[in-house]
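A short write-up of the structure that comes next.
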Amino acid sequence: MMNNRLLKIISYSTVTLATCQVLLILVSWFITSAMPDLNMRSMLSSEGIRWFLGQFTYNIASPVLVLITVTSIAYGCLVSSGLLDIKRNMDIRQRLAVRLVSLEVIIFVIIIVLLTSVPHAVLLNIDGHIFSKNFLMCMISYISFVILVISSTYSISVGRISSIPGLFAFMCEGIKKAAPIYIIYILAAQLYYSIIFVFSN
Numbered sequence: 002m003m004n005n006r007l008l009k010i011i012s013y014s015t016v017t018l019a020t021c022q023v024l025l026i027l028v029s030w031f032i033t034s035a036m037p038d039l040n041m042r043s044m045l046s047s048e049g050i051r052w053f054l055g056q057f058t059y060n061i062a063s064p065v066l067v068l069i070t071v072t073s074i075a076y077g078c079l080v081s082s083g084l085l086d087i088k089r090n091m092d093i094r095q096r097l098a099v100r101l102v103s104l105e106v107i108i109f110v111i112i113i114v115l116l117t118s119v120p121h122a123v124l125l126n127i128d129g130h131i132f133s134k135n136f137l138m139c140m141i142s143y144i145s146f147v148i149l150v151i152s153s154t155y156s157i158s159v160g161r162i163s164s165i166p167g168l169f170a171f172m173c174e175g176i177k178k179a180a181p182i183y184i185i186y187i188l189a190a191q192l193y194y195s196i197i198f199v200f201s202n
């Protein structure tokens, strides 16, 4: 559960973004009404209303939303698994779990090396390079998947998860923790594209 200070920051950020959106709508309408020759578009015009309602889904459906989703799931699993709380004095189950996780990490490292380092590797572009935007997006998703797998393995091995519903609830923890980020992202994305709409004519 988030502390009061973080909750206040997120709450005020949300209110600020929503207020900016309302102000943009009103200001764009006022300016275009007072100065119709100005190179601006009103969000209260028929065109603006159609854009706002019709493009809303497309405005928030971006790779950023996907990254927020996969990284929040991975983060929630990692925190809930107890991997970050491992100490030297481990019991037998924890030692076995750590060994399994270590083996999985080694396997995943070998896989990514094979996908990027050998000739004609799958993740190389046409020029044979890997440092590109697509590769970065791929790596974030891959690392999130690795964290999900090793966190689940550890949790099952030490007895934190004992059923399929428990595993599903375990994977949902990150979404719950990241819920405020989704709200801020939606408001920020819509405000960003609204500004572009108003000032591009």
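In my numbering, the protein residues as written are 2 to 202.
Even glycine gets a Cβ: it sits at the ideal position worked out from N, Cα and C.
For Met-172, which three-state DSSP category applies? helix
Just the C-alpha distance for Val-114 and Phe-169, rounded to the nearest angstrom, thanks. 30 angstroms
Can you tell me the Cβ-Cβ gap for Ser-73 and Ile-176, rounded? I've got them flagged as a contact below 8 angstroms. 6 angstroms
Determine, using beta-carbon pairs with one atom in the stretch 180-189 and one in the stretch 7-23, whether at least three such pairs fall under 8 angstroms. yes
Limits of the unbroken alpha helix (DSSP H) element including Arg-96: 93-117
Using DSSP with H/G/I as helix, E/B as strand and the rest coil, what is Ile-162? coil
Straight-line Cα distance separating Ser-34 from Met-44: 11 angstroms
Which residues in the same chain have their Cβ closer than 8 angstroms to the Cβ of Leu-141, if we skip the five residues on either side of it in sequence? Strictly speaking, residue 141 in this sequence is Ile, with Leu absent from that position. Cβ within range, chain order: Leu-68, Val-71, Thr-72.
Label Gly-167 either buried or exposed according to how many other C-beta atoms from any shown protein chain fall within 10 Å of its C-beta, with 16 as the threshold for buried. exposed
Please classify Ala-179: does DSSP put it in a helix, a strand, or coil? coil
If I measure Cβ to Cβ from Tyr-194 and keep anything under 6 angstroms in the same chain, skipping five residues before and after, which residues do I get? Asn-60
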